[in-house]
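Everything on this sheet refers to the single structure shown next.
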Amino acid sequence: MKSQLFKTFLVCLFTSFSFSAFAQADFQGKAFYESKTTAEMPDFGGRQISDEQKKRMAERMKSMLEKTYILSFNRSESIYKEEEKLESPSSSGGRGFRGADLTPGPQYKNIKTNQVIVDQEFFGKQFLIKDSLPKLVWKMENETKQIGQYTCFKATAVKLASQTDITSFRPGLRREEDEGKEKEEAKTEPVEITVTAWYTPQIPVNQGPGDYWGLPGLILEVNADKTTILCSKIVLNVKDDTEIKVPTKGKEVTQEEYTAIVTKKMAELRENFTGRRGPGGGGRR
Numbered sequence: 000m001k002s003q004l005f006k007t008f009l010v011c012l013f014t015s016f017s018f019s020a021f022a023q024a025d026f027q028g029k030a031f032y033e034s035k036t037t038a039e040m041p042d043f044g045g046r047q048i049s050d051e052q053k054k055r056m057a058e059r060m061k062s063m064l065e066k067t068y069i070l071s072f073n074r075s076e077s078i079y080k081e082e083e084k085l086e087s088p089s090s091s092g093g094r095g096f097r098g099a100d101l102t103p104g105p106q107y108k109n110i111k112t113n114q115v116i117v118d119q120e121f122f123g124k125q126f127l128i129k130d131s132l133p134k135l136v137w138k139m140e141n142e143t144k145q146i147g148q149y150t151c152f153k154a155t156a157v158k159l160a161s162q163t164d165i166t167s168f169r170p171g172l173r174r175e176e177d178e179g180k181e182k183e184e185a186k187t188e189p190v191e192i193t194v195t196a197w198y199t200p201q202i203p204v205n206q207g208p209g210d211y212w213g214l215p216g217l218i219l220e221v222n223a224d225k226t227t228i229l230c231s232k233i234v235l236n237v238k239d240d241t242e243i244k245v246p247t248k249g250k251e252v253t254q255e256e257y258t259a260i261v262t263k264k265m266a267e268l269r270e271n272f273t274g275r276r277g278p279g280g281g282g283r284r
């Protein structure tokens, strides 16, 4: 109990010092994050594929599941988007099954207005997802660690796994037992996952990567299910190229409406793949 009180005191001390230190500044900055998600290689319904095909698939999966993002932030706003990089002609970038964009689009968060806006493309259509900020109930844990030059405090929360994660789509299923298992999984309730975050009160903003926010300091690391997001660099009070633009293009939908759109499309894809392969799994002709 005394240890927990001492940790709480440290957080308050760090927060108080950091806010007073930056009180007179037009505080803003950029944080660079490396995001990695683990996923199993599809079995392609038991079909034999060459080593070269496996290599190409592994490269495509890596480009889909390993990304670099930039979070530009000030005291009340932030925008989180993938860092632009030149791609080789053979690279498929973040696109996967028949043009599905697997990469989250630019995400704008406003703490004051409690609003999140995401500019998202899905199968050639542009959506503007507008909703309230996702609310996580954070539990302050009794642990600290150093990330770079920053002292970070641990917090945990429980959330539902994303229902719009197309990386969970498995087109290679063809066996009856696998198809039955997938149908059964589709009927279950969304899975709860534990999120572990590390934040630093030395940077006094309630921001973080992706959907994560609401802690008394910038979130530098997140571990959630199969995804790890780690901050690799921070630049504070940069004056050039730090404008935070609110996304405005696309069909306006809520997160619930967008989830329904993606869920329906993924169900259609599964049905098309399993129907095309048939019970014998002959594949496309």
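0 is the number of the first residue of the sequence shown in numbering that gives the first Met the number 0; add one for each residue after it.
Even for Gly, the Cβ is constructed at its ideal location relative to N, Cα and C.
All figures in this text were calculated on a predicted structure; none of them were measured in a lab.
Tell me whether the beta-carbon of residue i lies closer than 8 Å to the beta-carbon of residue j.
i, j, result
"Gly216", "Gln106", "no"
"Ser71", "Ile243", "yes"
"Trp197", "Lys153", "yes"
"Lys263", "Leu127", "no"
"Thr67", "Phe31", "yes"
"Thr195", "Thr226", "no"
"Gly207", "Ile192", "no"
"Lys108", "Trp212", "yes"
"Ala38", "Met56", "no"
"Pro285", "Leu159", "Coverage of the chain is limited to positions 0 through 284, which leaves residue 285 absent and any answer about it impossible."
Going by alpha carbons, who is nearest to residue i out of the options?
i, options, result
"Gln201", "Thr150, Thr226 and Glu191", "Thr150"
"Ser287", "Pro133, Gln145 and Thr155", "Look at the range of the chain in this structure, 0 to 284, and you will see that residue 287 is not part of it."
"Ile116", "Ala266, Lys129 and Gly104", "Lys129"
"Ile146", "Phe121, Lys158 and Ser231", "Ser231"
"Leu214", "Ser62, Arg74, Glu51 and Ile69", "Arg74"
"Thr143", "Glu220, Asp118 and Val157", "Glu220"
"Thr112", "Gln52, Thr253, Phe121 and Glu76", "Glu76"
"Val234", "Met265, Gln148 and Ser49", "Gln148"
"Gln125", "Ser131, Tyr257 and Asp224", "Tyr257"
"Val245", "Met63, Ser49, Ile78 and Glu51", "Ile78"
"Ser131", "Asn271, Gln254 and Met265", "Gln254"
"Met63", "Gln47, Glu33, Asp50 and Glu51", "Glu33"
"Ala223", "Met265, Leu135 and Ile48", "Leu135"
"Gly341", "Arg269, Lys250 and Gln47", "The chain is shown only over 0 to 284; residue 341 falls outside these bounds and no answer can be derived."
I think residue i touches residue j, with their Cβ atoms under 8 Å apart; what is that distance to the nearest whole Å?
i, j, result
"Ile110", "Asn236", "Actually they are not in contact, since the Cβ atoms of Ile110 and Asn236 sit about 19 Å apart, beyond 8 Å."
"Lys35", "Ile69", "Actually they do not touch by this definition, with Cβ atoms about 16 Å apart."
"Gln114", "Pro103", "Contact flag wrong, Cβ pair sits at about 17 Å."
"Ser252", "Phe121", "It is Val, not Ser, that sits at residue 252 in the sequence shown. The Cβ separation is near 10 Å, so there is no contact."
Run the proximity test for residue i: is its beta-carbon closer than 7 Å to any non-hydrogen atom belonging to the ligand NAD?
i, result
"Thr150", "Absence of the ligand NAD from the depicted structure is noted, as is the absence of any ligand whatsoever, leaving it without description."
Q.
As an exercise, report each continuous beta strand (DSSP E) stretch of at least 3 residues that is fully enclosed by the stretch 195-249, in chain order.
A. Secondary structure remark: continuous beta strand (DSSP E) runs of at least 3 residues inside the stretch 195-249, in chain order: 217-223 and 226-235.
Q: Only counting runs of 3 or more residues, tell me where the beta strand (DSSP E) segments fall wholly within the stretch 108-138, in order along the chain.
A: DSSP assignment within the stretch 108-138 yields the following whole beta strand (DSSP E) runs of 3 residues or more, N-terminal first: 114-121 and 124-131.
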